[in-house]
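Input: a single structure, listed below in structure tokens.
In my numbering, the protein residues as written are 8 to 133.
Below, the structure is given as structure tokens:
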């Protein structure tokens with residue numbers, strides 16, 4: 008899955024800086040620093056983990072029109088996940104499945120912190 012392309016289609020503000028992680032987590036940097044990767048890794052390591060029965064386990068789900076799939080929000084407004092339709096399984100309602108899958112991707116990315124793409128409006132030309 009090329010998460011870079013998905014997020015480029017979803018983020019319609021060319022002035023925002025954002026960083027994509029290996030499992031589809033996107034961190035939008037509202038006040039970007041000189042080292043975007045490090046800033047996003049710090050934010051994700053602090054706010055990306057999931058502790059059951061806390062706000063970190065909460066999620067919101069938005070089914071997409073622009074691309075097939077869902078965006079899963081977290082307790083931090085600038086940390087988002089993308090879930091593709093082929094990741095879903097039988098049993099639970101689709102929004103709930105997408106939420107659980109997105110939350111797991113966020114947790115995995117918070118532990119691994121593997122950056123796969125950085126969008127910097129100062130250097131990128133879309």
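All C-beta atoms in this analysis are idealised placements derived from N, C-alpha and C, irrespective of residue type, glycine included.
Would you call residue i buried or exposed, if buried means 16 or more other Cβ atoms sit within 10 Å of its Cβ?
| i | result |
| --- | --- |
| residue 81 | buried |
| residue 16 | exposed |
| residue 115 | buried |
| residue 63 | buried |
| residue 73 | exposed |
Could you check whether the Cβ of residue i sits closer than 7 angstroms to any heavy atom belonging to the ligand MN?
| i | result |
| --- | --- |
| residue 117 | Although the ligand MN was asked about, the structure shown includes no ligands whatsoever. |
Near residue i, what residues of its chain come up, given a Cβ to Cβ distance below 7 angstroms and the 5 sequence neighbours on each side ignored?
| i | result |
| --- | --- |
| residue 83 | 54 |
| residue 43 | 24, 26, 36, 125, 127 |
| residue 104 | 95, 96 |
What first and last residue would you give for the alpha helix (DSSP H) that runs through residue i?
| i | result |
| --- | --- |
| residue 53 | 43–54 |
| residue 108 | 101–119 |
| residue 13 | 10–17 |
Would the beta-carbon of residue i fall within 8 angstroms of that of residue j?
| i | j | result |
| --- | --- | --- |
| residue 102 | residue 68 | yes |
| residue 24 | residue 117 | no |
| residue 48 | residue 99 | no |
| residue 39 | residue 45 | no |
With a CB to CB cut of under 8 angstroms and the five nearest residues on each side skipped, what residues in its chain are close to residue i?
| i | result |
| --- | --- |
| residue 92 | 75, 76 |
| residue 71 | 17, 77, 78 |
Excluding the 5 residues preceding and the 5 following residue i in the sequence, name in chain order all residues of the same chain whose CB lies nearer than 6 angstroms to its CB.
| i | result |
| --- | --- |
| residue 88 | 31, 32, 79, 109, 112, 113 |
| residue 50 | 34 |
The beta strand (DSSP E) with residue i in it runs from where to where?
| i | result |
| --- | --- |
| residue 80 | 77–80 |
| residue 71 | No beta strand (DSSP E) holds residue 71; DSSP gives it neither H nor E. |
| residue 57 | Careful: residue 57 lies outside any beta strand (DSSP E) and carries neither H nor E. |
Please name the residue or residues paired with residue i in a DSSP beta bridge.
| i | result |
| --- | --- |
| residue 32 | 88 |
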